[in-house]
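One structure is given here, and the rest of the page talks about it.
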Ligand code: UDP
Ligand code: MG
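In the working numbering, the protein residues as written are 98 to 428.
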């Protein structure tokens, strides 16, 4: 098929200097026998180490590498978004820098794409070298997400996937401030399939996903694909009100048939703490949605590209690109 001839690989990079030499070596070797891969886009997500310099040094003079430097750390999801919006190939593969997404899986992905699929995601059959806690929390997230989200995203699937030009164009029209990429890639639809692989350990360096970043990703995922937390709050509120009316009836009845019992202090304090906690919790949920509405209304650019660099022409540096704006149709 004529529109399925070139692929870009998009790699978000945040403080990955320990793994970059091995990664670039593997990429060079892999590409040499696969001409379909014509561009590799590194998105430097505001690294504080020498990741960007190392990429330039190791790829200068080799054709087909692009480095997009973001002006600060915008986070993994926005780094991927910047990469997708910058790619011009017929398809793109999103993969991590740490070699946890093995290159050989690309062969299966490319095959499925050439068979006509628009999204080919990698399903993690086994995860090596990740802590028990990380695996368990990931499992918990996937099951909660499956229950509450109003899209049907596959389980045990991260951002490692191939997406066709149609999907990239559809994705570019999504202007969410905090995009949950794997969810949105399911949301866009088209023909989707998966290939399984075993996820190896990180080749070098340490995970860049702190507990805080993982937590934020999970909350972003749920909030952006579900309004159920708000509904649950309403239902629980109704249930508690009904129970309290029953309680009231009971208290009045007791007054009538004065049995001489003195109401306990402990139960009052318990009720005060319990309902206080419940109210704060639900206020927090409402706040999460409100904060997102606020971020959307401000409509700031989601990321800022500080510089674009091309390995074939190392002197050429383009600066001052902004967040990709899709062409707006005349009103
Ligand atoms: N990453 C990024 N920005 C961040 C955090 C991570 O671009 O703020 C990149 C990181 O360099 C890696 C990928 O996202 O290429 C996945 O991160 P990591 O491997 O640390 O996550 P894990 O596999 O431990 O979940
Ligand atoms: Mg990793």
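Virtual Cβ for every residue (Gly too), placed ideally from N, Cα, C.
According to the Cβ coordinates, are residue 190 and residue 124 closer than 8 Å? Here residue 190 corresponds to residue number 93 of the chain shown, with the count starting at 1. Here residue 124 corresponds to residue number 27 of the chain shown, with the count starting at 1. No; because the gap between Cβ atoms is not below 8 Å, this pair is not in contact.
Taking residue 364 as the reference, give the member of 143, 344, 382 and 352 with the closest Cα. Walking along the chain shown from the start, residue 364 turns up at place 267. Selected option, being the one with the closest Cα: 344.
What is the C-beta distance between residue 257 and residue 198, in whole angstroms, given that I count them as a contact (C-beta under 8 Å)? For this step, residue 257 is matched to residue 160 along the chain shown. For this step, residue 198 is matched to residue 101 along the chain shown. About 4 Å; that satisfies the 8 Å criterion.
Could you tell me the alpha carbon to alpha carbon distance between residue 225 and residue 213, rounded to whole angstroms? The residue labelled residue 225 in the question sits at position 128 within the chain shown. The residue labelled residue 213 in the question sits at position 116 within the chain shown. Going by the C-alpha atoms only, they are around 31 Å apart.
Could you have a look at residue 261 and say whether DSSP puts it in helix, strand or coil? Taking the chain shown and counting its residues from 1, the one referred to as residue 261 is at position 164. Residue 261: strand per DSSP, three-state reduction.
Proximity test, Cβ basis, 8 Å: residue 204 and chain D: Among the chains of the structure shown, chain D does not appear; only one protein chain is present.
Going by DSSP, which residues form a beta bridge with residue 410? For this step, residue 410 is matched to residue 313 along the chain shown. According to DSSP, residue 410 bridges with nothing at all.
Determine the contact status of residue 300 and residue 377, defining contact as a CB-CB distance below 8 Å. By one-based count along the chain shown, residue 300 stands at place 203. By one-based count along the chain shown, residue 377 stands at place 280. It is not a contact, given that the beta carbons lie outside the stated cut-off.
Give me whichever residues DSSP pairs with residue 289 in a beta bridge. Mapped onto the chain shown, residue 289 falls at position 192. Its beta-bridge partners are 216.
Within the present structure, is the beta-carbon of residue 197 separated from the nearest heavy atom of the ligand PLP by less than 7 Å? Of the ligands one can find in the structure shown, namely the ligand UDP and the ligand MG, none is the ligand PLP.
If I measure Cβ to Cβ from residue 220 and keep anything under 6 Å in the same chain, skipping five residues before and after, which residues do I get? Mapped onto the chain shown, residue 220 falls at position 123. Answer for residue 220: 253, 254, 291 and 293, listed in chain order.
What's the C-alpha gap between residue 270 and residue 397? Within the chain shown, the letter at position 173 stands for residue 270. Within the chain shown, the letter at position 300 stands for residue 397. For residue 270 and residue 397, the distance between alpha carbons rounds to 16 Å.
Just the C-alpha distance for residue 139 and residue 372, rounded to the nearest angstrom, thanks. As a working mapping, residue 139 is identified with position 42 in the chain shown. As a working mapping, residue 372 is identified with position 275 in the chain shown. Between residue 139 and residue 372, the C-alpha separation is close to 50 Å.
Could you give the distance in angstroms between the alpha-carbon of residue 148 and the alpha-carbon of residue 117? Here residue 148 refers to the residue found at position 51 of the chain shown. Here residue 117 refers to the residue found at position 20 of the chain shown. Straight-line spacing of the CA atoms in residue 148 and residue 117 works out to 7 Å.
Sufficient close CB pairs (3 or more, under 8 Å) joining the stretch 164–184 to the stretch 392–410: yes
Apart from the five residues just before and just after residue 413, which ones in its own chain have a Cβ nearer than 6 Å to its Cβ? The residue you call residue 413 lines up with position 316 of the chain shown. Excluding sequence neighbours, residue 413 sits near 407.
Residue 322 beta carbon less than 8 Å from that of residue 235: Residue numbering aside, residue 235 sits at position 138 when the chain shown is read from its first letter. Residue numbering aside, residue 322 sits at position 225 when the chain shown is read from its first letter. The answer is no: Cβ separation not under 8 Å.
Compute the distance between the beta-carbons of residue 163 and residue 121, then report whether it is under 8 Å. Here residue 163 corresponds to residue number 66 of the chain shown, with the count starting at 1. Here residue 121 corresponds to residue number 24 of the chain shown, with the count starting at 1. No; because the gap between Cβ atoms is not below 8 Å, this pair is not in contact.
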